[in-house]
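Participant:
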Amino acid sequence: MYGGRGVGLLWTLALISRLGVADYGMYGLGFALASIVGPPLDNPFMVRAARESEEHFLGERTTRYLMGIAFMAAGVALLEVNYIAWFGLFVAGGEIIFRVFQSQFFRDGKPLHVSRIDTIQRMSGVGLACLYLFVHGHPTLQVASMLYCLPYAVTALLAGVVALPHRPRLPGPPRLVFVLIGETLGIAAYLQGDVLLLGWLTNSTIVGYYTVAISISVALAVIGQSYGMSFHQSLREHDGDLSAGPRLRNTLLLGAATGSVVLIIGVGLLISPAPAELAIAMTLMSVFCAMRTISSSFQVVLYTQRRDLLRLSANLGLVPVKLGLVAVLAVFGAVGAATATVTTDAILLAIYAVALYRKAKP
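In my numbering, the protein residues as written are 2 to 363.
Spelled out as structure tokens, the structure:
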């Protein structure tokens, strides 16, 4: 996972250097669509993979695979129609397929194995696309994106071997499915809805600045989720008891570390010839990175405690708050969007912290 995120950052730099910030903004809009479509529908499968029986896991993995294939097919059908639509749908399906391929290791609480698979997949797509970007005299975003997506097709073949032999099953009763989809839809709209809104209110260059800042921050913040994932088995065996989960002190230290990295990048940009808007947005997002690292670890515990309604309410409730702030602050471009993100993430972290630790008081 860490290596995959690092490769993703290199991909960001390659796109910007060869195609420009505006094209990177278009890529960011397509990726935002993928993040809003794919993860919410995949979330019931991901959550239940960590806590349900082997029989349920295998059947639900098959359904998960078929859903991913359907989205990839829809993306191919729109290839010559609209960039944002085809790329968004194909990546949404490809990521679902990729999670199917990783799901057994995820279930077993082996983040290192998940990380290795993630790194190989990212390196393959980015490697092909970068080869094209730097060898071709006049590269285009369309062709680079197609090469970036090629490993998803290969993964679909490999994942089908393990997924298709089992009978498909729904990921739980309809009410639970709705809750789990709604929760991640809230998270997706919370994390990526602002990108789409900012693109509508401003332009792809400003979206590019903001997307660079948030991509780096989220790539580092995933460390918090990985730390929490390493406690899946013990949390499952102890019904989500805090004593069997991530240590609070370690979680806070991880947050401070990741936030410091983004802060250093932001300060470096401030004293460099980089656009001031990008530098200030990056500096502000260091606070977001620290908080998101911590809340990602907290969220793993809440998963295993089955506190799905709490997470749903928190994430959905904050969507209009964040989008409203983005709409008001869009006049300040990427800096305004970063300010909105930091403000709402502070509220989310507070909600998670109170939910987990309020009962610990005597």
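Glycine is no exception: its CB is placed at the ideal position from the N, C-alpha and C atoms.
Looking only at its own chain, which residues have a Cβ that is under 7 Å from the Cβ of N44, when we skip the five neighbours before and after it?
Facilitator: L181, I182, E184, T185.
Participant: Quick check on P363: buried or exposed, where buried means 16 or more other Cβ atoms within 10 Å of its Cβ?
Facilitator: For P363, the pLDDT reaches just 43, beneath the cut-off of 50, and the residue's location in the model is therefore unreliable, although a value from the coordinates is still provided. The residue is exposed, with fewer than 16 neighbouring Cβ atoms inside 10 Å.
Participant: Relative to the alpha-carbon of T120, which residue among I295, P321, P152 has its alpha-carbon at the smallest distance?
Facilitator: Residue P152 is the option with its Cα nearest to T120.
Participant: Nearest-angstrom Cα distance between G337 and P166?
Facilitator: Answer to the nearest angstrom: the Cα atoms are 50 Å apart.
Participant: Taking E96 as the reference, give the member of G76, L80, E81, Y84 with the closest Cα.
Facilitator: Selected option, being the one with the closest Cα: G76.
Participant: Measuring alpha carbon to alpha carbon, tell me which residue in V343, I352, F46, S297 is nearest L326.
Facilitator: Checked all of V343, I352, F46, S297; the closest Cα to L326 is V343.
Participant: Are there 16 or more other CB atoms within 10 angstroms of the CB of A1, so buried, or fewer, so exposed?
Facilitator: Any property of residue 1 remains undetermined from this structure, which presents the chain solely from 2 to 363.
Participant: Per DSSP, what kind of secondary structure is G354 in: helix, strand or coil?
Facilitator: Before going further, note that residue 354 is Ala rather than Gly in the sequence given. Looking at A354 - three-state DSSP - the assignment turns out to be helix.
Participant: Compare the Cα-Cα distances from L255 to each of F99, L236, S287, Q103 and report the closest residue.
Facilitator: Of the candidates F99, L236, S287, Q103, the one whose C-alpha sits nearest the C-alpha of L255 is S287.
Participant: So which of A130, Q103, L129, V127 has the shortest CA-CA distance to R117?
Facilitator: Residue Q103 is the option with its Cα nearest to R117.
Participant: Buried or exposed, going by whether 16 or more other CB atoms sit within 10 Å of the CB of A282?
Facilitator: Label assigned to A282: buried.
Participant: For E278, is the classification buried or exposed, using 16 other Cβ atoms within 10 angstroms of its Cβ as the cut-off for buried?
Facilitator: So E278 ends up on the buried side.
Participant: Can you look up R168 in the DSSP assignment and give me helix, strand or coil?
Facilitator: The answer is coil: DSSP assigns R168 none of H, G, I, E or B.
Participant: Keeping to the same chain, check which residues put their C-beta closer than 7 Å to that of V268; ignore five residues upstream and five downstream.
Facilitator: For V268, where only same-chain residues beyond five positions count, the Cβ hits under 7 Å are T284.
Participant: Can you tell me where the alpha helix (DSSP H) with I272 in it begins and where it stops?
Facilitator: Segment: none, I272 is in no alpha helix (DSSP H) and carries neither H nor E.
Participant: Apart from the five residues on each side of it in sequence, which residues of its chain come closer than 7 Å, Cβ to Cβ, to I295?
Facilitator: Counting only Cβ-Cβ distances below 7 Å, and skipping sequence neighbours, we find G225, T252, L253, G256, L350.
Participant: Considering only the alpha carbon of each residue, which of I265, L171, L159, V213 lies closest to A33?
Facilitator: Cα-wise, what sits closest to A33 is V213.
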